[in-house]
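Peer 1: For reference, the structure I am asking about is given below.
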Amino acid sequence: MPATSARRIQQVKRWHMSGARLSGHLPPADLAQHVLDGARTPWPPAMLDHLGRCASCRDRVRAFERVAAAARGGLPPEPLVSPPARVWEAILAEVRAERTGPAPDTRRRRSG
Numbered sequence: 018m019p020a021t022s023a024r025r026i027q028q029v030k031r032w033h034m035s036g037a038r039l040s041g042h043l044p045p046a047d048l049a050q051h052v053l054d055g056a057r058t059p060w061p062p063a064m065l066d067h068l069g070r071c072a073s074c075r076d077r078v079r080a081f082e083r084v085a086a087a088a089r090g091g092l093p094p095e096p097l098v099s100p101p102a103r104v105w106e107a108i109l110a111e112v113r114a115e116r117t118g119p120a121p122d123t124r125r126r127r128s129g
């Protein structure tokens with residue numbers, strides 16, 4: 018086996034043993050699962066070690082934490098912003114147009 022292939026196999030084994038994948042980052046599904054588990058499941062040491070070195074994976078964990086907190090109701094809702102007046106005018110025009118059109122036929126039709 019060529020030396021580069023042997024080295025590559027060892028590198029892949031290290032990545033898999035550390036919880037990292039070929040991209041060099043922790044799998045998003047694993048990060049999300051640990052965030053959702055909360056304190057019930059401790060983070061494996063290899064994952065903690067990787068998170069200590071990888072800003073990208075830490076950012077992904079923070080994003081998952083924000084989503085989980087919002088889903089649990091732990092974050093205040095974002096303030097609602099009123100749409101521009103033209104949006105309300107368009108809605109009102111649409112409602113008025115529906116009112117002035119022909120009345121819908123509300124009678125039930127018999128089948129057969």
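Using the working numbering, read the sequence shown as starting at 18 and increasing by one per residue.
Beta carbons are placed, not taken as given, at the ideal position from N, Cα and C, and that holds for glycine.
These figures come from a predicted structure and were not determined experimentally.
Do R77 and L48 have their C-beta atoms within less than 7 Å of each other?
Peer 2: For the purposes of this step, residue 77 is taken as the residue at position 60 of the sequence shown. For the purposes of this step, residue 48 is taken as the residue at position 31 of the sequence shown. Closer than 7 Å, so yes.
Peer 1: Can you have a look at V52 and say buried or exposed, based on whether 16 or more other CB atoms are within 10 angstroms of its CB?
Peer 2: Along the sequence shown, read from residue 1 onward, the residue named residue 52 stands at position 35. Buried.
Peer 1: Given a cut-off of 7 Å on the beta-carbon distance, is the pair R79 and L68 in contact?
Peer 2: For this step, residue 79 is matched to residue 62 along the sequence shown. For this step, residue 68 is matched to residue 51 along the sequence shown. In this structure, L68 does not lie closer than 7 Å to R79 by Cβ.
Peer 1: At which residues does the alpha helix (DSSP H) containing T117 begin and terminate?
Peer 2: If you number the sequence shown from 1, residue 117 lands on position 100. Unbroken alpha helix (DSSP H) run through T117: A102 to T117.
Peer 1: Can you tell me the Cα-Cα spacing of D85 and R124, whole angstroms?
Peer 2: Residue 85 sits at position 68 when you count from the first residue of the sequence shown. Residue 124 sits at position 107 when you count from the first residue of the sequence shown. Asp is not the amino acid found at residue 85; the sequence shown has Ala there. If I take the Cα positions, the gap works out to 49 Å.
Peer 1: Classify L39 as helix, strand or coil using the three-state DSSP reduction.
Peer 2: Here the question's residue 39 lines up with position 22 in the sequence shown. Any answer about L39 is weak, because its pLDDT of 48 lies below 50 and its placement is not dependable; what the coordinates show is given next. Correct three-state label for L39: coil.
Peer 1: Where W105 and E115 are concerned, what is the direct C-alpha to C-alpha distance, given to the nearest angstrom?
Peer 2: Looking up residue 105 in the sequence shown gives position 88. Looking up residue 115 in the sequence shown gives position 98. Using only the alpha carbons, I get a separation of about 15 Å.
Peer 1: Could you spell out where the alpha helix (DSSP H) holding A52 opens and where it closes?
Peer 2: Looking up residue 52 in the sequence shown gives position 35. Note that residue 52 corresponds to Val in the displayed sequence, not to Ala. V52: member of the alpha helix (DSSP H) spanning P45 to D54, first to last residue.
Peer 1: Taking S73 as the reference, give the member of S40, V98 and A88 with the closest Cα.
Peer 2: By 1-based counting over the sequence shown, the position of residue 73 is 56. Closest by alpha carbon: S40.
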